[in-house]
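>
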Amino acid sequence: MPADRPDAVPTLDRDRSEPQAAPARVIEIGEVTAGIAVPEGRGVRFFSSSRDFDGLDGAVFRSAEQAARAARERVRARISPDARRSLRALAV
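Take the sequence shown: its position 49, counting from 1, is numbered 1447 in the working numbering, and each next residue is one higher.
Structure (structure tokens):
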């Protein structure tokens, strides 16, 4: 910072700036927002935004994709066996 400009704000040299952290990712299952996956250490921490996903709240996953998979499994587990058969029949 120049001595003649005490109010000057220091700037980072773009070539020497630290790498930016990955942004948080919203996880949606269908039209429902399950929560967000926030980078933490070597993985992501899941923060639930719907009561249906509170069982995953605070869990740490290796990736946002793994967190989304866990949320999908949670939805799948809540669907009744009859509804699953109907969904399979529609998929064929």
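Don't be surprised by glycine CBs; every beta carbon is placed ideally from N, CA and C. All figures in this text were calculated on a predicted structure; none of them were measured in a lab.
Curious, which full-length alpha helix (DSSP H) runs of at least 4 residues does the segment 1417–1477 contain?
Counting only runs of 4 or more, we get 1462–1476.
> Do you know offhand how far G1441's Cα is from A1465's?
Rounded to whole angstroms, G1441 to A1465 spans 10 Å at the Cα level.
> Grab me the residues of A1462's own chain with a C-beta within less than 6 Å of its C-beta, minus the 5 sequence neighbours each way, in chain order.
R1423, A1435 and V1442, listed in sequence order.
> Please classify I1477 as buried or exposed, where buried requires at least 16 other C-beta atoms within 10 Å of its C-beta.
With fewer than 16 Cβ atoms within 10 Å of its Cβ, I1477 is classed as exposed.
> Give the C-beta separation of A1469 and I1427 to the nearest angstrom, bearing in mind that I take them to be a contact with Cβ-Cβ under 8 Å.
About 5 Å; that satisfies the 8 Å criterion.
> Once the 5 residues before and after D1411 are set aside, which same chain residues still bring their CB inside 7 Å of it?
Low confidence applies to D1411: its pLDDT is 49, below 50, so where it sits in the model is not reliable, and the reading given next is rough at best. The answer is none, since no qualifying residue turns up.
> So, for F1459: in the same chain, excluding its five sequence neighbours on each side, which residues have a beta-carbon less than 6 Å away from its beta-carbon?
Result list for F1459: G1441, V1442 and A1465, in chain order.
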